[in-house]
Amino acid sequence: MRWTQTLIPTLKETPAEAEIASHKLLLRAGLVRKLSGGLYTFLPLGLRALRKVEQIVREEMNRAGALELLMPALQPPEIWEKSGRYVTASGVFFKVRDRARKEWILGPTHEEVITTLVAGEINSYRQMPKNFYQIQTKFRDEIRPRFGLMRAKEFIMKDAYSFDTTDELAQVSYQKMYDAYGRIFQRCGLKAIAVEADTGVMGGKHSHEFMVPAETGENEVVYCEGCNYSANLEKATSRGPAIATHKLAPPATAPHHPEKFATPGVVTIEALSKEPHNVTAERQIKTLVYMVDSKLVLLLLRGDDQLNEAKLVATVGSANFRPATAEEIVAALGARPGSLGAVHVTKIPIYADSLLSDATDMTTGANEDGFHYRNVSITRDIGVTHWVDLRSVQLGEACASCGKPLKIQRAIEVGHVFKLGTKYSENLNALFLDESGKQQPAVMGCYGIGVTRTMQAIIEQSHDKDGIIWPLSVAPYRVCITPLGVVPGSAVMTLAEKIYAELSEKGVDVILDDRDERPGVKFKDSELVGFPIRIGIGEKSLAKGEVEVKLRGGELLPTKIEEVVAKVLELAKQ
RNA sequence: CGGAGCGUAGCGUAGCCUGGUAGCGCGGCUGGUUUGGGACCAGCAGGUCGCAGGUUCAAAUCCUGUCGCUCCGACCA
Numbered sequence: 029m030r031w032t033q034t035l036i037p038t039l040k041e042t043p044a045e046a047e048i049a050s051h052k053l054l055l056r057a058g059l060v061r062k063l064s065g066g067l068y069t070f071l072p073l074g075l076r077a078l079r080k081v082e083q084i085v086r087e088e089m090n091r092a093g094a095l096e097l098l099m100p101a102l103q104p105p106e107i108w109e110k111s112g113r114y115v116t117a118s119g120v121f122f123k124v125r126d127r128a129r130k131e132w133i134l135g136p137t138h139e140e141v142i143t144t145l146v147a148g149e150i151n152s153y154r155q156m157p158k159n160f161y162q163i164q165t166k167f168r169d170e171i172r173p174r175f176g177l178m179r180a181k182e183f184i185m186k187d188a189y190s191f192d193t194t195d196e197l198a199q200v201s202y203q204k205m206y207d208a209y210g211r212i213f214q215r216c217g218l219k220a221i222a223v224e225a226d227t228g229v230m231g232g233k234h235s236h237e238f239m240v241p242a243e244t245g246e247n248e249v250v251y252c253e254g255c256n257y258s259a260n261l262e263k264a265t266s267r268g269p270a271i272a273t274h275k276l277a278p279p280a281t282a283p284h285h286p287e288k289f290a291t292p293g294v295v296t297i298e299a300l301s302k303e304p305h306n307v308t309a310e311r312q313i314k315t316l317v318y319m320v321d322s323k324l325v326l327l328l329l330r331g332d333d334q335l336n337e338a339k340l341v342a343t344v345g346s347a348n349f350r351p352a353t354a355e356e357i358v359a360a361l362g363a364r365p366g367s368l369g370a371v372h373v374t375k376i377p378i379y380a381d382s383l384l385s386d387a388t389d390m391t392t393g394a395n396e397d398g399f400h401y402r403n404v405s406i407t408r409d410i411g412v413t414h415w416v417d418l419r420s421v422q423l424g425e426a427c428a429s430c431g432k433p434l435k436i437q438r439a440i441e442v443g444h445v446f447k448l449g450t451k452y453s454e455n456l457n458a459l460f461l462d463e464s465g466k467q468q469p470a471v472m473g474c475y476g477i478g479v480t481r482t483m484q485a486i487i488e489q490s491h492d493k494d495g496i497i498w499p500l501s502v503a504p505y506r507v508c509i510t511p512l513g514v515v516p517g518s519a520v521m522t523l524a525e526k527i528y529a530e531l532s533e534k535g536v537d538v539i540l541d542d543r544d545e546r547p548g549v550k551f552k553d554s555e556l557v558g559f560p561i562r563i564g565i566g567e568k569s570l571a572k573g574e575v576e577v578k579l580r581g582g583e584l585l586p587t588k589i590e591e592v593v594a595k596v597l598e599l600a601k602q
């Protein structure tokens, strides 16, 4: 490709809308342009990089035995009603109506469609296992699109769905995808790690997310350097905080009942931990009031812990919850937030974090404004209905499996693999006959990669102050030829044309910067766009019988003219 | 949806508080000088100041509404 014949609208200045490095570079390097919030046009250069990522995904899926197909983006709501997700997933739907006013859904994902297909086409254990995938545009009415392609209303996803006869074989399919994902991200030049993850609204039993460490990521990953443990913060567990609760023995003189005391104006854990009360946070019980499916529940945590809402969802089995309003709380407990507690509460379900299971000599609100109880023993004084895991792991806590201190790092989720079980196959009738002629639901897995997000994650992980540093495997062009003069017939331009023709002939992706621009402009642009290999040709180097081969990552390699094609072929090999 | 901020030329912005001529840089076009790291000179084009209403002799500026964008939260590839 000749630079003057394509469109690469690079920008010197960063558009105000971009906040993170990869978003700024997508715009500045002329890869994408925004049409509207969360909606982007891929310009020729951006599309080339995207196609490279797609091709890597395709090759690895094929290698893992998955079968490519293509499903409609427009879906009938009836199949979502069958799966039960018409209501639970309704928040993400873009809906449209046809001329008869019938409603259709722009597909946010395709479990319902693929399961409907399989229900019709696969009837015997002899036809399994099967794994189908597609690379296709998804539509999600995101509450807040952001960071360019990172979270968009419309994005390209690779989604795969496996169907097996047994749980054991489904595990094999899952492992194949897990391994393929590792290869895909590695080939994209990404450092990605697999972490245990929460299954969320997808349902299912078990899942891993593939995370790209990045400060700008929207997720937090808990990991251990002592063993291989790593998990999304939403899911992570530990041996608990450094100060254990069960070691807080009550003084021998303490009475065998809670003792009410006045705490005027004290409405936070922190305030209670200071003068004159001096009750440290780990000796307090934090009482939260939530509305879950329009019913009140009490959530108890140790004073220094944070509620993990993903764990709450897993615990109560509903994503339909919110903190109760002050009015609802006063009506139910008779006190305002800040003086709440669960002592003597009997009519409301009480979910307590397991960390409190043997807590004694604790302090908590007395459900009377301005008063707290001390000397609370949770098993003696509080009618806990459910002991559960509600707390978020904190930095430095001991790893549950090896005891080393846990670390926490922000990351971008680029892929997610789920074991789904038989939820969809049962609801949508994807049944097969086994060897004994018995009808059974297929055991499913589903596997997603955000292709557009992966492309941006590569930029986020691989750039410097001058621009993008594309890995060879996904660069829009592997080689950029930069003649410093473009006069037709000149020695410089003649050589540039010759090298361009030879590399093109050998099948190398190469772009010839034939713009009549000053050298500085061309150098800056080639670094901003981030071509892995640049061949600089100018009169100075030509006089020495050389051209300059420059790697975007660093080295400058003066190269004899007659050796340059062979050398670049070697460098551009993957 | 809750909270915060911002909408002025393709991009980045000044002007707004204190109402009266829309200004600058980048980019674009023409001509010239330049030519190994985002050149210089001269000239030119490009704006219903997001939109609608209101106040006023007069609105980019003040008021109301609305739409859009960005950031924090919930959602997720």
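Residue numbers (my numbering): 29 to 602. Quick reminder that beta carbons are idealized off the backbone N, C-alpha and C, glycines included.
Here G473 carries a strand assignment [DSSP, helix/strand/coil]. For the pair V325 and K186, the CB atoms are not nearer than the 7 angstroms cut-off.
Counting only runs that start and end inside the stretch 94-133, the beta strand (DSSP E) elements of at least 3 residues fall at 122-125. Secondary structure of E583 (DSSP, three-state): coil. Here L512 is not near T38, since their CB atoms are 7 angstroms or more apart. With 16 or more other CB atoms across the displayed protein chains lying within 10 angstroms of its CB, K550 is buried. Taken atom to atom, the span from the alpha-carbon of A49 to that of E567 is near 36 angstroms. The beta-bridge partner set that DSSP reports for D187 consists of Q162 and G476.
Cβ atoms of G473 and V442 stay farther apart than 8 angstroms, at about 18 angstroms. Of all C-beta pairs linking the stretch 81-95 to the stretch 104-114, fewer than three are shorter than 8 angstroms, placing the two stretches out of contact. Around the Cβ of F289, a 10 Å sphere holds fewer than 16 other Cβ atoms; the residue is exposed. Around the beta-carbon of C508, 16 or more other beta-carbon atoms lie within 10 Å, marking it buried. For I36, the CB contacts under 6 angstroms within the same chain, skipping 5 residues up- and downstream, are G58 and L73 in chain order.
In the DSSP assignment, K314 falls within the beta strand (DSSP E) that extends over I313 to V320. Going by C-alpha positions, R56 is about 41 angstroms away from S201.
Judged by DSSP in its simplified three-state form, H285 adopts coil rather than helix or strand. In the three-state scheme derived from DSSP, where H, G and I count as helix and E and B as strand, H372 is classed as coil. Judged by DSSP in its simplified three-state form, D494 adopts coil rather than helix or strand. Ranked by Cα distance from S518, the first of L570, A44, A101 and I150 is L570.
Shown here for A92: same chain residues with a beta carbon closer than 8 angstroms to its own, the five before and five after excluded, namely N159, K204, M205, D207 and A208 in chain order. Classified as exposed, I271 has fewer than 16 neighbouring CB atoms from the shown chains inside 10 Å of its CB. Restricting attention to beta strand (DSSP E) runs no shorter than 3 residues, the stretch 351-433 encloses them at 378-381, 390-393, 399-404 and 414-416, ordered along the chain. Comparing alpha carbon positions, the residue from T165, I107, L361 and M483 closest to G176 is M483. For the 7 angstroms CB-CB criterion, W31 and D537 do not form a contact.
The three-state reading of DSSP puts V141 in helix, counting H, G and I together. Judged by pairs of C-beta atoms under 8 angstroms, the stretch 343-357 does not touch the stretch 392-405, as fewer than three such pairs exist. Apart from the 5 residues on each side of it in sequence, I436 sits with its Cβ closer than 6 angstroms to the Cβ of E248, V250 and L423 in its chain, given in chain order. At least 7 angstroms separates the beta-carbon of I539 from that of L53. As DSSP reads the structure, G443 sits in a beta bridge with F238 and I477.
Taking a C-beta distance under 7 angstroms as the contact criterion, R506 and P560 qualify as a contact pair. Of the candidates E253, T281, N90 and S235, S235 places its Cα closest to the Cα of A198. Per DSSP, R56 is one residue of the alpha helix (DSSP H) stretching across A49 to R56. The residue among T69, I297 and A360 with its C-alpha nearest the C-alpha of L329 is I297.
If you ignore the 5 residues before and after V515, its C-beta comes within less than 8 angstroms of the C-beta of M521, all in its own chain and listed in chain order. In this structure, DSSP gives F559 a state outside helix and strand, which the three-state scheme calls coil.
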